[in-house]
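Data block below; observations after.
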Amino acid sequence: MKHGDFTELAKYYVNRPGYSAVVLECLKNHIYNTVGKGLVADIGAGTGKLTENLVSAGCTGFAVEPNAAMRAEGQKAFAEKTEFTWREGTAEQTGLADNSVCWALMGSSFHWADSGLAVQEFYRILVPGGFFTAIWNPRDIERSELHMQIEEAVYSEVPNMKRVSSGKTVTTEEMREKLLSGGYFKDILFMEAPHVERMAKERYMNIWKSVNDIRVQAGEDGFQRILDKIGKIITEFDEIEVPYRSRAWTVQSCKETK
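Numbering (numbering that gives the first Met the number 0), first residue to last: 0 to 257.
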């Protein structure tokens with residue numbers, strides 16, 4: 000398996016948690032009040048976890064995903080819903096029309112994009128004054144003794160493990176450099192809020208099975224040992240309570256109305 004290849008993991012991805020409704024509602028209200036209600040683009044939509052949150056927030060638009068297996072899972076999950084149209088595309092080439100959306104987002108996926116090319120693409124598809132949000136949803140494990148124990152089990156198998164990005168270590172300085180340096184966007188806004196997901200053990204284990212970067216670094220045998228360790232730790236629990244912390248950086252397009 001390669002870094003960033005979710006083809007074999009798509010069937011597990013649906014088990015992942017959504018994002019903070021508080022963060023998304025606040026951002027939506029700010030954006031709609033600034034540029035008016037318009038179409039929204041969830042780019043790197045995966046199986047539609049963020050898309051589902053956007054539907055709940057009353058948004059409509061496009062779900063753009065490059066991986067065929069992930070996109071197929073998303074289309075299956077949204078078969079009875081019409082709010083978002085699924086499209087094949089990347090952050091660098093979304094396939095969307097110029098000035099077609101008022102808000103573009105990437106949920107837990109901006110770290111896979113070529114940020115320079117992606118920023119130019121977002122500028123192209125956004126209406127004048129439109130917004131882009133990069134949001135992540137890291138586990139807030141410091142709030143939980145159980146999840147600190149699980150984290151220790153993971154690192155005991157891969158002591159020198161490097162996460163591609165869970166969003167936990169992303170800084171505003173880093174995002175300012177990636178989002179504002181080209182002169183396409185301005186006024187970076189950071190927002191963060193905690194939320195908790197309660198889930199059955201099977202769903203919790205499936206979330207771990209959806210993780211790409213740990214599996215790549217541990218190898219298949221090592222990753223199975225990690226799963227076995229986690230399974231033993233949660234044996235006594237009927238339900239797992241997982242704390243998360245949605246972290247979002249939002250910028251406004253410098254594009255002006257002609």
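Where is the CB? At the ideal position from N, CA and C, for every residue including glycine.
1. Could you check what DSSP says for Met-204 in three-state terms: helix, strand or coil?
2. Drop a sphere of 10 angstroms on the beta-carbon of Asn-14, count the other beta-carbons inside from all chains shown, and report buried for 16 or more, exposed for fewer.
3. Give the list of continuous beta strand (DSSP E) stretches no shorter than 3 residues that lie fully inside the segment 157 to 204.
4. How about Ala-247 and Met-190: do their beta carbons lie closer than 8 Å?
5. Let me know the beta strand (DSSP E) ranges lying completely inside the segment 10 to 97, each 3 residues or longer, listed in chain order.
6. Could you spell out where the beta strand (DSSP E) holding Ser-252 opens and where it closes?
7. By the three-class DSSP mapping on this structure, what secondary structure does Ala-152 have?
8. Which residue wins for smallest C-alpha separation from Ala-117, given the options Gly-128, Thr-132, Pro-127?
9. Pairing CB atoms from the segment 82 to 102 with CB atoms from the segment 213 to 229, are three or more of them under 8 Å?
10. What does DSSP give as the partner residues of Gly-106 in its beta bridges?
11. Less than 8 Å separating the beta-carbons of Asp-41 and Leu-104?
12. Does the Cβ of Val-195 have 16 or more other Cβ atoms within 10 Å, making it buried, or fewer, making it exposed?
13. Would you mind sorting Gln-119 into buried or exposed? The rule is 16 or more other CB atoms within 10 Å of its CB.
14. Report the partner residues of Leu-125 according to the DSSP bridge assignment.
15. Give the C-beta separation of Asn-52 and Ala-20 to the nearest angstrom, bearing in mind that I take them to be a contact with Cβ-Cβ under 8 Å.
16. Would Met-69 and Tyr-12 qualify as a contact pair, given that the criterion is a beta-carbon distance under 8 Å?
17. If we count the other Cβ atoms within 10 Å of its Cβ and call it buried at 16 or more, is Ala-217 buried or exposed?
18. What is the DSSP secondary structure of Val-210, reduced to helix, strand or coil?
19. What is the DSSP secondary structure of Ile-233, counted as helix, strand or coil?
20. Quick one: Cα of Ala-62 to Cα of Gln-92, how far?
21. Return the residue from the list Ala-44, Leu-49, Gly-60 that minimises the CA-CA distance to Asn-66.
Short version:
1. The sequence position of residue 204 within the sequence shown is 205, counting from 1. DSSP places Met-204 within a helical segment (H, G or I) once states are collapsed to three.
2. Here residue 14 is taken as the residue at index 15 of the sequence shown, counted from 1. It is buried - the Cβ of Asn-14 has at least 16 other Cβ atoms within 10 Å.
3. The DSSP assignment places complete beta strand (DSSP E) segments of no fewer than 3 residues inside the segment 157 to 204 at 184 to 199, in order along the chain.
4. The residue you call residue 247 lines up with position 248 of the sequence shown. The residue you call residue 190 lines up with position 191 of the sequence shown. In this structure, Met-190 lies closer than 8 Å to Ala-247 by Cβ.
5. The segment 10 to 97 contains these whole beta strand (DSSP E) runs: 39 to 42, 60 to 63, 83 to 86.
6. Stepping through the sequence shown from its first residue, residue 252 is reached at position 253. It spans 238 to 252 - the beta strand (DSSP E) in which Ser-252 sits, taken as one unbroken run.
7. One-based indexing of the sequence shown puts residue 152 at position 153. Ala-152: helix per DSSP, three-state reduction.
8. Counting from one through the sequence shown, the residue named residue 117 turns up at place 118. The shortest Cα separation from Ala-117 among Gly-128, Thr-132, Pro-127 belongs to Thr-132.
9. No, the segment 82 to 102 does not touch the segment 213 to 229.
10. Here the question's residue 106 lines up with position 107 in the sequence shown. Ile-134.
11. For the purposes of this step, residue 41 is taken as the residue at position 42 of the sequence shown. For the purposes of this step, residue 104 is taken as the residue at position 105 of the sequence shown. Against a cut-off of 8 Å, the Cβ pair of Leu-104 and Asp-41 comes out as a contact.
12. By one-based count along the sequence shown, residue 195 stands at place 196. With fewer than 16 Cβ atoms within 10 Å of its Cβ, Val-195 is classed as exposed.
13. Translated into the one-based positions of the sequence shown, residue 119 becomes position 120. Exposed, by the Cβ-count rule.
14. Along the sequence shown, read from residue 1 onward, the residue named residue 125 stands at position 126. Residue pairing by DSSP puts Leu-125 in a beta bridge opposite Val-100.
15. Translated into positions along the sequence shown, residue 52 becomes position 53. Translated into positions along the sequence shown, residue 20 becomes position 21. Ala-20 and Asn-52 do touch by the CB rule: their CB atoms are close to 7 Å apart, below 8 Å.
16. The sequence position of residue 69 within the sequence shown is 70, counting from 1. The sequence position of residue 12 within the sequence shown is 13, counting from 1. Pairing Met-69 with Tyr-12 gives a Cβ-Cβ distance under 8 Å.
17. Taking the sequence shown and counting its residues from 1, the one referred to as residue 217 is at position 218. So Ala-217 ends up on the buried side.
18. Looking up residue 210 in the sequence shown gives position 211. Three-state result, Val-210: coil.
19. Along the sequence shown, one-based indexing puts residue 233 at 234. Correct three-state label for Ile-233: coil.
20. For the purposes of this step, residue 62 is taken as residue 63 along the sequence shown, with counting starting at 1. For the purposes of this step, residue 92 is taken as residue 93 along the sequence shown, with counting starting at 1. Each residue's Cα considered, the two are about 13 Å apart.
21. Within the sequence shown, residue 66 is the residue found at index 67, counting from 1. Here the closest residue by C-alpha is Ala-44.
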